[in-house]
């Protein structure tokens with residue numbers, strides 16, 4: 336493939352930025368990648384493992400002369416970073432981000448973007464439970480969706496160029512509205528994460544009573560919750576604080592449903608339970624047909640002994 | 336390895352019984368395996384794929400002359416099956432089960448067990464989201480715990496023999512009390528399953544509004560819930576109905592915690608959220624150290640595109 340941006344600046348060097356750098360390098364999509372991170376330790380690790388072509392010590396330095404700037408910091412830090420880089424952005428450059436929330440990021444970042452610079456928010460629906468500069472890998476985005484939420488006034492050529500970068504890293508690119516994005520992600524990601532964190536927290540309380548049985552017997556279902564609940568705490572704190580309305584709405588619906596199922600258990604209403612559990616099976620089939628998971632019967636235990 | 340039971344009867348031919356048969360065959364642990372299932376279709380499939388050495392049409396026929404009888408039917412059907420087989424059990428035989436609930440199974444089965452037959456309840460903590468006679472595989476129990484809940488009066492030699500069978504199929508065997516089992520499993524399995532079913536149900540409602548986006552964007556966390564919620568509806572209906580007290584207790588604790596986290600989101604209490612999410616990470620480390628999952632950073636997506 337050919338170079339899409341001559342110089343790409345990555346602000347933040349965690350799982351997503353690291354994976355972008357490796358994916359761009361593998362396919363030759365960036366003339367040069369420059370990266371920075373707030374923590375000196377992260378920058379040092381990134382230098383050691385050659386995560387980007389050049390590691391610099393400040394966001395201002397990183398974005399100087401960059402054709403594409405990707406903000407890959409926790410959602411709550413996006414506004415401050417945008418303020419720092421704004422005076423140093425090259426005219427005609429594109430600023431994007433990889434935040435899991437879009438409306439709050441737009442509100443925090445857009446006011447800082449100078450005239451003549453394009454701001455095109457993005458969210459790659461990809462990740463693992465690991466974080467930090469060593470967590471990235473070039474294949475992370477393969478077959479995954481990347482949602483762009485440009486405003487109607489956004490420059491069409493700039494949007495197409497960013498979309499072509501994500502496609503070249505393996506993603507399926509879709510355009511959507513920021514508010515709609517935030518509602519859909521509240522269902523598919525934010526509420527499930529909070530629920531997983533909660534269940535693991537409950538188990539943690541009980542674990543003290545039961546001498547680590549909760550951990551030893553985790554393979555019966557709980558294990559999958561702990562994987563989700565091992566994700567980056569700061570990232571997720573910011574997601575919930577910045578997608579408050581939609582997350583609380585979905586959690587409200589969740590609680591209603593949970594109470595209905597609890598009542599069915601208490602009342603011994605087996606027909607209700609069986610019908611409910613049969614309906615949810617169909618969703619799983621849809622996900623496998625959509626290529627977003629495999630049907631391999633290993634319950635996530637491949638290689639586990 | 337050498338034969339542990341001359342004849343093993345499997346009543347029910349789903350995921351667990353099928354996997355037992357394949358594991359016993361691979362290691363030569365049973366002289367002969369005989370199986371039966373309520374549905375003629377299941378029996379026919381089992382015959383076609385040679386799941387057991389001999390498929391018979393009734394539980395009574397299956398258990399005749401068997402040294403070990405394994406009840407591998409939904410928890411709610413255990414009592415009725417025990418009643419059917421009781422007159423046909425061989426003196427000195429062992430009856431066991433593989434139910435996910437132990438107190439209710441003991442109450443339903445024990446009264447039917449004749450003098451001179453040993454009843455030793457068991458629960459292998461292993462499974463996948465698939466079910467039926469084609470779902471089994473010989474490796475299912477490798478590295479997984481199998482919990483036995485014999486009464487204090489149980490015959491020691493019979494317990495040791497059953498334990499040696501499970502060890503020879505790859506399991507780590509532990510002894511525990513039935514009530515304690517039911518409480519621990521409510522935390523590690525039953526409550527997580529109900530929560531996963533609930534979240535998938537909520538998404539199903541919303542899916543109709545959002546044109547399958549929930550399915551397409553499931554990789555962001557929701558996908559793992561759908562895997563859990565794809566498990567056998569009848570099996571899970573019976574689990575909840577038969578471990579009602581412990582499940583409702585844990586769900587009560589869960590709701591309390593969830594409300595505390597919801598309040599923190601509403602109040603913008605980032606410190607509370609971050610501290611909570613940091614604490615839950617430690618549990619994940621414990622599970623990996625205990626060998627119950629791998630640390631591979633694939634978020635369950637190996638092979639998925």
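Protein chains in written order, with my numbering: chain A, 336 to 640; chain B, 336 to 640. For each residue, glycine too, the CB sits at the ideal point set by N, CA and C. Given the structure is predicted, the values throughout are model-derived calculations rather than measurements.
Where the alpha helix (DSSP H) containing residue i begins and where it ends
i                     : result
residue 516 (chain A) : 513-520
residue 442 (chain A) : 438-444
residue 413 (chain B) : 413-420
residue 395 (chain B) : 394-398
residue 504 (chain A) : Here residue 504 (chain A) belongs to no alpha helix (DSSP H), and DSSP marks it neither H nor E.
residue 353 (chain A) : 350-362
residue 561 (chain A) : 557-563
residue 549 (chain B) : 548-551
Paired residues, beta bridge with residue i - DSSP
i                     : result
residue 611 (chain B) : According to DSSP, which records beta bridges pairwise, residue 611 (chain B) is partnered with nothing at all.
residue 345 (chain B) : B:370, B:405
For residue i, the three-state DSSP class (helix, strand or coil)
i                     : result
residue 455 (chain B) : strand
residue 480 (chain A) : strand
residue 389 (chain B) : strand
residue 340 (chain A) : strand
residue 379 (chain A) : helix
residue 528 (chain A) : helix
residue 486 (chain A) : coil
residue 308 (chain B) : Nothing can be reported for residue 308 (chain B), as the shown portion of chain B is limited to 336 through 640.
residue 424 (chain B) : coil
residue 616 (chain A) : helix
residue 568 (chain A) : helix
residue 629 (chain A) : coil
residue 575 (chain A) : helix
residue 497 (chain B) : helix
residue 554 (chain A) : helix
residue 624 (chain A) : helix
residue 463 (chain A) : coil
residue 536 (chain A) : helix
residue 605 (chain B) : helix
residue 541 (chain A) : helix
Burial state of residue i (16 or more Cβ within 10 Å)
i                     : result
residue 548 (chain A) : buried
residue 601 (chain A) : exposed
residue 639 (chain A) : Residue confidence is low: residue 639 (chain A) scores 32 on pLDDT, short of 50, so the model does not pin down where it sits. Its coordinate-derived value is still stated next. The residue in question, residue 639 (chain A), is buried, as its Cβ has 16 or more Cβ neighbours within 10 Å.
residue 539 (chain B) : buried
residue 353 (chain A) : buried
residue 527 (chain A) : buried
residue 510 (chain B) : exposed
residue 627 (chain B) : buried
residue 563 (chain B) : buried
residue 459 (chain B) : buried
residue 348 (chain B) : buried
residue 557 (chain A) : buried
residue 598 (chain A) : exposed
residue 592 (chain A) : buried
residue 337 (chain A) : exposed
residue 375 (chain B) : exposed
residue 434 (chain A) : buried
residue 455 (chain A) : buried
residue 441 (chain B) : buried
residue 620 (chain A) : exposed
residue 471 (chain B) : buried
Span of the beta strand (DSSP E), counted from its first residue to its last, around residue i
i                     : result
residue 370 (chain B) : 365-371
residue 429 (chain A) : 429-432
residue 584 (chain B) : Looking at the DSSP string, residue 584 (chain B) is not in any beta strand (DSSP E); the run it does join, the alpha helix (DSSP H), is 579-602.
residue 508 (chain A) : 507-510
- With 7 Å as the limit, tell me which residues of the segment 602-626 of chain B have their beta carbon closer than that to any beta carbon of chain A; keep them in chain order. 603, 605, 608, 609, 611, 612, 613, 614, 615, 616, 618, 619, 621, 622, 625, 626
- Of all the residues that make up the segment 455-480 of chain B, which are near chain A by a beta-carbon distance shorter than 8 Å? Listed by position along the chain: 460, 461, 462, 463, 464, 465, 470, 472, 477, 478, 479, 480.
- Residues from the segment 567-580 of chain B in contact with chain A, defined by Cβ distance under 7 Å: 568, 569, 571, 572, 575, 576, 579
- Interface positions of the segment 383-403 of chain B facing chain A (Cβ-Cβ less than 7 Å), listed along the chain: none
- Check distances from the C-beta atoms of the segment 526-538 of chain B to those of chain A and list, in chain order, the residues that come in under 9 Å. 526, 527, 528, 529, 530, 531, 532, 533, 534, 535, 536, 537, 538
- Message: For the segment 548-566 of chain A, list every residue whose C-beta sits within 7 Å of some C-beta in chain B, in sequence order.
- Response: 548, 549, 550, 551, 552, 553, 554, 555, 556, 557, 558, 559, 560, 561, 562, 563, 564, 565
- Name the residues in the segment 423-439 of chain A whose C-beta lies less than 9 Å from a C-beta of chain B; which are they? 435
- Query: Using a Cβ cut-off of 7 Å, which residues of the segment 348-382 of chain B contact any Cβ in chain A, in chain order?
  - Reply: none
- With 9 Å as the C-beta to C-beta threshold (strictly closer), list the residues of the segment 589-602 of chain B near chain A in chain order. 589, 590, 591, 592, 593, 594, 595, 596, 597, 599, 600, 601
- Name, going along the chain, the residues of the segment 513-525 of chain B whose beta-carbon falls closer than 7 Å to a beta-carbon of chain A. 519, 520, 522, 523, 524
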